[in-house]
Amino acid sequence: ILNVEQSPQSLHVQEGDSTNFTCSFPSSNFYALHWYRWETAKSPEALFVMTLNGDEKKKGRISATLNTKEGYSYLYIKGSQPEDSATYLCAFSDYSSASKIIFGSGTRLSIRP
Amino acid sequence: DGGITQSPKYLFRKEGQNVTLSCEQNLNHDAMYWYRQDPGQGLRLIYYSQIVNDFQKGDIAEGYSVSREKKESFPLTVTSAQKNPTAFYLCASSIGEKVSGNQPQHFGDGTRLSIL
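Protein sequence lines, in the order shown, are assigned to chains A and W. The opening position of the first sequence corresponds to residue 1 in the numbering used here, with each subsequent residue numbered one higher. The opening position of the second sequence corresponds to residue 114 in the numbering used here, with each subsequent residue numbered one higher.
Pasting the structure below:
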C-alpha cells in the first residue's frame, strides 16, 4: 500500500501570518501530486495537480512546490485569512497504477483572528 | 449546473443489511472513485473505475461492491460483510480517458452512514 504522509496534523496560525506544511510520498515511479482544500460542510476542492519535478504552482495567496526526487511537496499560504481555515489534503499517484489516487490524512489549519 | 450528486445525505443500516449509496455525475467524466473517511483520518480509497463496465479495488475494498453500467453512475454497496461501516463516504470523478491520476478530482457532498 502506497503511503502519503502529511505534517503537521494540525496547525493554528495568527491571521496575517504565513505558514506552510508538508506532504511526503514515495519517490519512485512518481506520476502526479494533488493538493485539495476541504472546508467544513463543503466538498474537497482541487487546488493544484503537479506532475514535474521542480513544479511550482500558485493560486492567489496559496502556492505549492514539488520535489519528486526526494518525495515531498510543500504548500504555502501567505498572509493567512480566516477563510483559509480548512483541512488541506495531498494525494499521490504513481505509474504502476496511474489512475489510483491515494490521499494523506490532511493538515487541519485554523486561523486565529 | 454540472456536478456530482450523492444520495442519500444520511443513511442508517441495520445489522446484516446491505445498503447502496448512489453517485451520479453529469460532467462527462470517465473516471469515478469511492472514498471512505473515518474521524481523524484522511480519505481511503475503496474502489475506482476508469471506464464503463470496469473497476478496480482500492486499499479497503473488502465488504464493499460497485458497478459501472453507465458512465454517469457508480453506486457503492456496503454489504453485511463490512463489519465497521459507520463512516463518511465521498464519491469523486475526473476526466482522463485512459488514465486519470494526473487530473483534479471533483467531489460530491458525501453520504454519512451509521449503524442502528
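The C-beta atom is built at its ideal place from N, Cα and C for all residues, glycine as well.
Query raised in the report: Is the Cβ of TYR31/A closer than 8 Å to any Cβ of chain W?
Result: yes
Query raised in the report: Shortest alpha-carbon distance to ALA174/W belongs to which of GLN154/W, TYR146/W and GLY153/W?
Result: TYR146/W
**Report entry** Own chain residues within Cβ distance below 8 Å of GLY79/A, not counting five before or after
**Finding:** GLY16, ASP17, SER18 and ARG61
**Report entry** Whole-number beta carbon distance between VAL13/A and GLY104/A, since they are thought to touch under 8 Å
**Finding:** Rounded, the Cβ-Cβ distance is 19 Å, inconsistent with contact.
Query raised in the report: Where GLY54/A and CYS204/W are concerned, what is the direct C-alpha to C-alpha distance, given to the nearest angstrom?
Result: 31 Å
Query raised in the report: Are the C-beta atoms of PHE103/A and some chain W residue less than 8 Å apart?
Result: yes
Report task. Could you tell me whether the stretch 141-157 of chain W touches the stretch 118-127 of chain W, where touching means 3 or more Cβ pairs closer than 8 Å? Result -> no
Requested in this report: Could you pull out every residue in the same chain whose Cβ sits closer than 6 Å to the Cβ of THR51/A, ignoring the five residues on either side in sequence?
Outcome: ALA32
Requested in this report: Step through the CB atoms of chain W and report whether any lies within less than 8 Å of the CB of GLY79/A.
Outcome: no
Requested in this report: Label SER206/W either buried or exposed according to how many other C-beta atoms from any shown protein chain fall within 10 Å of its C-beta, with 16 as the threshold for buried.
Outcome: buried
**Report entry** Distance between beta carbons of GLN119/W and CYS136/W, contact taken as under 8 Å
**Finding:** 5 Å
Query raised in the report: Residues of chain A with a CB under 7 Å from the CB of PHE168/W: which are they?
Result: In chain order: nothing, as chain A lies at least about 11 Å away.
**Report entry** Chain-ordered neighbours of PRO217/W on chain A, where CB pairs are closer than 7 Å
**Finding:** HIS34, ALA46 and VAL49
Requested in this report: Please state if the CB of ALA46/A and the CB of GLN218/W are separated by a distance shorter than 8 Å.
Outcome: yes
Query raised in the report: Of the choices LYS59/A, ILE77/A and PHE48/A, whose alpha-carbon is the least far from that of LEU66/A?
Result: PHE48/A
Query raised in the report: Mind checking whether TYR161/W and GLN154/W have CB atoms under 8 Å apart?
Result: no
Query raised in the report: For SER93/A, which residues in chain W fall below 8 Å Cβ to Cβ?
Result: GLY214 and ASN215
**Report entry** Three-state secondary structure (DSSP) of GLU5/A
**Finding:** strand
Query raised in the report: Ends of the beta strand (DSSP E) at ILE164/W?
Result: 156-164
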